[in-house]
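First to last, the sequence lines map onto chains V and Y.
Residue numbers for the first sequence follow the numbering used here, beginning at 153 and rising by one.
Residue numbers for the second sequence follow the numbering used here, beginning at 29 and rising by one.
The C-beta atom is built at its ideal place from N, Cα and C for all residues, glycine as well.
Source: prediction; values computed, not measured.
Below: one structure, written as structure tokens.
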Amino acid sequence: MQIIGILVGLIYRTLFMTGESGLRNVPSILKIILIVLSALIYIPLYREPYIPLLIILIIGLLGFNRWWAAASLSLSSIPGIWYGLTAYLFGLAGFSNYITPLEAIMIYFRTTYISLLVLFAGSIISPVRLANLMIKIGLGDKAITPIILWRTMPAGLHDMMEALAIGSLKGEKAWKRLGPATASMLEYSQFVWENNYHRLESSLKSRLPCRVEKKYTVLIIAGIIIDALIITLYFAEII
Amino acid sequence: MLETAVKAEVSEAGYKNIFSIKDVFLELNYGEALVITGRSGSGKSTLLKSLLGIIKLSRKGFFRGQVKIAGLDPYTAKPEKLFKTIGYIPQDPWYGVLGHTVETEYCLSFSVLGLPCDPRGLDQYGLGGLRNHITYGLSAGQVQRLLWASNIDKGGKVFFMDEPGVYIDEDGKKKFLNLIEKHLDMGGAAIIVDHDPLLWSKLEPKLLVLENGRVKYFGVFKEKALPFLKTSMLKPRRRKHYDENTEEKLLAENIWFRYPGQEYIIRNTSISIRGGEIIGITGPNGIGKSTLLKLLAGIYRPSKGRIIRSGKTILIPENPLLFFSGATIKEELQISCGENCSEDKIQSIAEEFGIQHILDKPLAETSSGERRRAALASAFLAGYDVFLLDEPSGGLDNYIVINVIESIVSAAERGRAVIIASHDKRLEKIYDKTCRFTEGSLECR
């Protein structure tokens with residue numbers, strides 16, 4: 153019960169803890185550039201994967217908060233630990249080439265970085281900006297989709313965490329609780345459909361308010377400059 | 029001559045093989061309000077959904093008859109056109125929200141209508157400070173306020189509201205009553221479902237009383253037409269005061285709590301409860317009542333301070349669906365009762381909570397009030413030491429509230445401790461102590 157609850161809580165804290173604030177309030181184009189460069193930086197820093205990991209963590213820490221950094225690092229460490237540990241153990245057992253503990257740690261960092269980058273990208277997506285973009289390109293009838301997704305996913309996770317916690321108070325086993333928790337999520341979608349039918353069957357026409365925050369824009373630009381500098385230095389064979 | 033806002037001739041509508049309302053005929057003019065009332069499970073919400081044309085969206089929903097809202101047939105009109113004409117606040121407010129933040133939810137309706145949105149409009153509903161707050165982190169009262177805000181401010185001539193004040197504090201209720209009055213003065217119309225119609229008597233509304241899916245009365249508002257107990261007639265039985273020397277079942281000392289990335293919502297708060305004691309927690313919407321209950325239950329951990337529990341604790345949340353483990357009410361009661369439980373025991377608790385006739389009903393098909401009763405019955409049957417009840421009487425009629433009160437009193441007399449977070453004045457008579465939440469801490473008397 154605890155493990156499932158903790159996992160659900162980590163996903164919730166990483167992706168859905170904040171509304172339209174922090175790094176979400178940065179122009180989309182800058183965010184896309186940062187993500188692309190952060191993916192490219194993997195090449196020059198293949199042997200020092202902890203550096204890009206630190207860059208993303210620091211941006212997340214300043215752009216969201218320490219809870220985001222802790223939750224996303226914990227969540228992305230799960231595949232990291234899995235790959236690092238299994239590669240090391242398989243090597244020890246002779247199922248694959250032997251790797252040193254240091255190489256296993258590097259595998260951990262690389263895998264964790266990729267996972268963290270995916271989570272970071274998910275965290276900075278602004279459903280409002282997405283919806284506005286869809287309205288702009290004539291997809292007003294579908295523009296409500298990102299908004300609903302960003303409402304129903306966390307609301308479902310929130311309810312699931314609460315249902316699991318109440319199950320724990322009732323002394324129930326986790327697997328017994330998952331059924332009702334899932335059923336309640338399915339019912340949630342039915343009720344939301346009924347109660348919002350008229351809105352859901354209509355299209356969005358005017359843009360939803362969204363703002364740009366200077367502080368976070370500067371932060372993303374700083375990240376872009378650092379990444380670009382490292383990549384340039386690498387391809388110029390200076391590093 | 030007054031124009032007709034809503035005209036309905038409902039031959040039959042409801043849910044196949046489960047429940048239906050029959051022969052409901054009503055007419056409402058602009059400038060008028062209609063209050064639909066009746067006991068829990070009498071068909072109030074079914075009627076409202078039939079009028080809105082959304083009954084057919086349910087798996088087993090059906091409708092036979094004719095409805096016109098501002099000349100539009102809700103079953104054939106374009107949803108967008110209808111949306112422009114109506115406002116709808118559903119009974120369980122959390123199912124009425126689509127936006128992930130308060131501001132987005134508020135502005136979505138404007139966007140559908142192609143209107144510019146000024147989120148400063150949220151200020152007058154007490155939500156100004158929460159514009160950027162996530163909607164899934166709001167209390168039920170705050171969600172209900174948000175639905176009021178978006179429905180009223182977007183415009184629309186006819187409002188449909190299902191128990192719109194259940195989670196709202198007293199100040200909020202007064203404010204919203206005035207807003208509806210203004211709406212009527214400006215030529216709008218409103219259909220309000222409420223188990224306590226007297227709340228709306230100031231509007232001089234029409235009254236429709238339902239009983240088992242049939243119209244018992246339709247006409248001008250008169251108290252005599254109300255076939256059930258009025259709130260003022262509620263007289264819960266007196267109970268023995270708890271013994272000050274009994275063991276403390278729960279003790280919270282100097283607890284502090286904040287949600288990640290937010291300010292402290294609970295500051296240096298202490299509370300203790302003994303076996304046999306009933307404590308009521310009151311306070312405005314969003315002040316932290318539900319959060320405190322979750323801390324006391326152990327669902328959240330305090331940032332500072334300590335909580336000592338000496339017994340099994342259970343929480344029934346605002347949304348009772350999250351409480352259940354079984355698929356039907358009977359299954360839920362069986363799980364709570366344990367393996368060697370007799371059928372008589374289940375039957376007896378079901379009768380106490382007025383759910384004996386719906387024991388085999390899947391929980392997904394029960395009404396909001398039925399779920400609340402089933403959750404309370406299940407918790408009382410399981411015999412916990414400390415009960416933490418979040419709005420246990422929301423949407424329940426006075427007859428059922430009397431049963432709920434008697435069950436709470438009876439549990440307390442058997443040495444259980446009960447903490448209730450509620451705005452419902454009907455429960456106040458049974459509190460040994462009332463603790464009011466102000467600015468993050470409790471003031472008990």
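Practice prompt. Give the residues from the region 342-356 of chain V that approach chain Y closer than 9 Å (Cβ to any Cβ), ordered along the chain.
Written response: Q342, F343, V344, W345, E346, N347, N348, Y349, H350, R351, L352, E353, S354, S355 and L356
Fill in: For V:L285, the nearest candidate out of V:G375, V:A295 and V:G212 (CA to CA)
Reading the first sequence from its first residue, position 133 is the one you call residue 285 of chain V. V:L285 has its Cα closest to that of V:A295, out of V:G375, V:A295 and V:G212.
Worksheet item: Y:S376 lies in the alpha helix (DSSP H); which residues open and close that run?
Response: Translated into the one-based positions of the second sequence, residue 376 of chain Y becomes position 348. Run containing Y:S376: E371 to E380, per the alpha helix (DSSP H) assignment.
Item to complete: Starting from Y:L350, follow the alpha helix (DSSP H) in both directions and report where the run begins and ends.
Response: Against the second sequence, residue 350 of chain Y aligns to sequence position 322. Annotation for Y:L350: no alpha helix (DSSP H) segment contains it, and DSSP assigns it neither H nor E.
Item to complete: Using a Cβ cut-off of 7 Å, pull out every chain C residue sitting near Y:G124, in sequence order please.
Response: Chain labels in this structure do not include chain C; the protein chains are V and Y.
Worksheet item: Looking at chain V, which residues of the region 150-181 of chain Y have a Cβ within less than 7 Å of any of its Cβ atoms?
Response: N160, H161, I162, T163 and Y164
Discussion item. Determine whether the beta carbon atoms of Y:I377 and Y:K332 lie at a separation below 8 Å.
Written reply: Locating residue 377 of chain Y in the second sequence gives position 349, where the first residue counts as 1. Locating residue 332 of chain Y in the second sequence gives position 304, where the first residue counts as 1. Against a cut-off of 8 Å, the Cβ pair of Y:K332 and Y:I377 comes out as no contact.
Worksheet item: Quick one: what does DSSP say V:I318 is sitting in, helix, strand or coil?
Response: Position 166 of the first sequence, counted from the start, is the residue given in the question as residue 318 of chain V. In the three-state reduction of the DSSP assignment, V:I318 falls in the helix class, which pools H, G and I.
Discussion item. For Y:E232, list the residues DSSP reports as bridge partners.
Written reply: Here residue 232 of chain Y refers to the residue found at position 204 of the second sequence. For Y:E232, which the question treats as bridged, DSSP gives no partner whatsoever.
Fill in: Candidates Y:T32, Y:G69, Y:P144 and Y:E60: closest to Y:G397 by CA position
The count along the second sequence starts at 1 and reaches residue 397 of chain Y at position 369. Distance from the Cα of Y:G397 is smallest, within the candidate group Y:T32, Y:G69, Y:P144 and Y:E60, for Y:G69.
Worksheet item: Below 8 Å, can you find three or more Cβ-Cβ pairs linking the region 402-420 of chain Y to the region 433-449 of chain Y?
Response: yes
Worksheet item: Short check: CB of Y:L126 to CB of Y:L110, under 8 Å?
Response: As a first step, residue 126 of chain Y must be located in the second sequence, where it is residue number 98. As a first step, residue 110 of chain Y must be located in the second sequence, where it is residue number 82. Not in contact: Y:L126 and Y:L110 (Cβ atoms no closer than 8 Å).
Discussion item. Does the structure place the region 358-367 of chain V close enough to the region 320-327 of chain V that three or more beta carbon pairs sit under 8 Å?
Written reply: no
Worksheet item: Near V:M313, which residues of its chain fall below 8 Å by C-beta distance, leaving aside the five closest residues on each side in sequence?
Response: As a working note, residue 313 of chain V is residue 161 in the first sequence. G157, V160, G161 and Y164, listed in sequence order.
Discussion item. Does Y:E380 pass the burial test, meaning 16 or more other C-beta atoms within 10 Å, or should it be called exposed?
Written reply: On the second sequence, residue 380 of chain Y is found 352 positions in, with the first residue counted as 1. The residue in question, Y:E380, is buried, as its Cβ has 16 or more Cβ neighbours within 10 Å.
Fill in: Per-residue burial, Y:F188 [other beta carbons within 10 Å of its own, 16 or more giving buried]
In the second sequence, residue 188 of chain Y corresponds to position 160, counting from 1. Buried, because 16 or more other Cβ atoms sit within 10 Å of the Cβ of Y:F188.
Worksheet item: Would a C-beta distance cut-off of 8 Å place V:R351 and Y:S137 closer than the cut-off?
Response: Counting from one through the first sequence, the residue named residue 351 of chain V turns up at place 199. Counting from one through the second sequence, the residue named residue 137 of chain Y turns up at place 109. Result yes, Cβ atoms of V:R351 and Y:S137 sit closer than 8 Å.
Worksheet entry | Residues in the region 317-343 of chain V having any Cβ partner in chain Y nearer than 9 Å | A317, I318, G319, S320, L321, K322, G323, E324, K328, R329, G331, P332, A333, A335, S336, L338, E339, Y340, Q342 and F343
Discussion item. Given this structure, state the Cα-to-Cα distance separating Y:E251 from Y:Y245, to the nearest angstrom.
Written reply: Numbered from 1 along the second sequence, position 223 holds the residue referred to as residue 251 of chain Y. Numbered from 1 along the second sequence, position 217 holds the residue referred to as residue 245 of chain Y. If you take the alpha carbons of Y:E251 and Y:Y245, they lie about 11 Å apart.
Practice prompt. Taking only beta-carbon positions, decide if V:I372 is within less than 8 Å of chain Y.
Written response: Position 220 of the first sequence holds residue 372 of chain V. No, V:I372 does not count as interfacial toward chain Y.
Fill in: Pair within 8 Å by beta-carbon distance, V:N177 and V:V364
Along the first sequence, one-based indexing puts residue 177 of chain V at 25. Along the first sequence, one-based indexing puts residue 364 of chain V at 212. Yes, the Cβ-Cβ distance between V:N177 and V:V364 is below 8 Å.
Item to complete: For Y:C463, count neighbouring C-beta atoms within 10 Å of its own C-beta (all shown protein chains included) and say buried if the count is 16 or more, exposed if not.
Response: Counting from one through the second sequence, the residue named residue 463 of chain Y turns up at place 435. Y:C463 should be labelled buried.
Worksheet item: How big is the Cα-Cα spacing for Y:L361 and Y:I342?
Response: Residue mapping note: residue 361 of chain Y aligns to position 333 of the second sequence, counting from 1. Residue mapping note: residue 342 of chain Y aligns to position 314 of the second sequence, counting from 1. Those two C-alpha atoms are separated by around 15 Å.
Discussion item. Runs of 4 residues minimum, wholly inside the region 167-237 of chain Y: which ones carry the alpha helix (DSSP H) assignment?
Written reply: 168-181 and 198-213
Fill in: Contact set between the region 325-348 of chain Y and chain V, restricted to residues whose Cβ is under 9 Å from the partner
Those residues of the region 325-348 of chain Y that come within reach of chain V (Cβ to Cβ, closer than 9 Å) are A325, G326, I327, Y328, K340, T341, I342, L343, I344, P345 and N347.
Worksheet entry | Residue from Y:G193, Y:E55 and Y:L143 with nearest C-alpha to Y:P121 | On the second sequence, residue 121 of chain Y is found 93 positions in, with the first residue counted as 1. The shortest Cα separation from Y:P121 among Y:G193, Y:E55 and Y:L143 belongs to Y:G193.
Worksheet item: Going along the chain, which residues of its own chain have a beta-carbon closer than 8 Å to the beta-carbon of Y:G21, five neighbours each way excluded?
Response: For chain Y, the structure presents residues 29 to 473; residue 21 of chain Y sits outside this window and is missing.
Fill in: Top-ranked residue by Cα proximity to V:I211, from V:I391, V:I383, V:L385 and V:K367
Counted from its first residue, the first sequence places residue 211 of chain V at position 59. For V:I211, the nearest C-alpha among the options comes from V:K367.
Practice prompt. Determine, using beta-carbon pairs with one atom in the region 171-185 of chain V and one in the region 340-347 of chain V, whether at least three such pairs fall under 8 Å.
Written response: no
Practice prompt. Note down the Cα distance separating Y:C472 from V:L241, rounded to an integer number of angstroms.
Written response: The residue labelled residue 472 of chain Y in the question sits at position 444 within the second sequence. The residue labelled residue 241 of chain V in the question sits at position 89 within the first sequence. Rounded to the nearest whole angstrom, the C-alpha separation of Y:C472 and V:L241 is 60 Å.
Worksheet entry | Residue span of the beta strand (DSSP E) that contains Y:R334, given as start and end | Stepping through the second sequence from its first residue, residue 334 of chain Y is reached at position 306. K332 to R337 is the span of the beta strand (DSSP E), which, as asked, contains Y:R334.
Worksheet item: Going along the chain, which residues of its own chain have a beta-carbon closer than 6 Å to the beta-carbon of Y:V38, five neighbours each way excluded?
Response: In the second sequence, counting from the first residue as 1, residue 38 of chain Y sits at position 10. These residues qualify, in order along the chain: V52, S78 and G93.
Worksheet item: Does DSSP put V:I155 in a helix, a strand or coil?
Response: The residue labelled residue 155 of chain V in the question sits at position 3 within the first sequence. Helix.
Worksheet entry | Counterpart residues of Y:W284 in DSSP-defined beta bridges | Counting from one through the second sequence, the residue named residue 284 of chain Y turns up at place 256. In the DSSP output, where bridge partners are listed per residue, Y:W284 has Y:K332.
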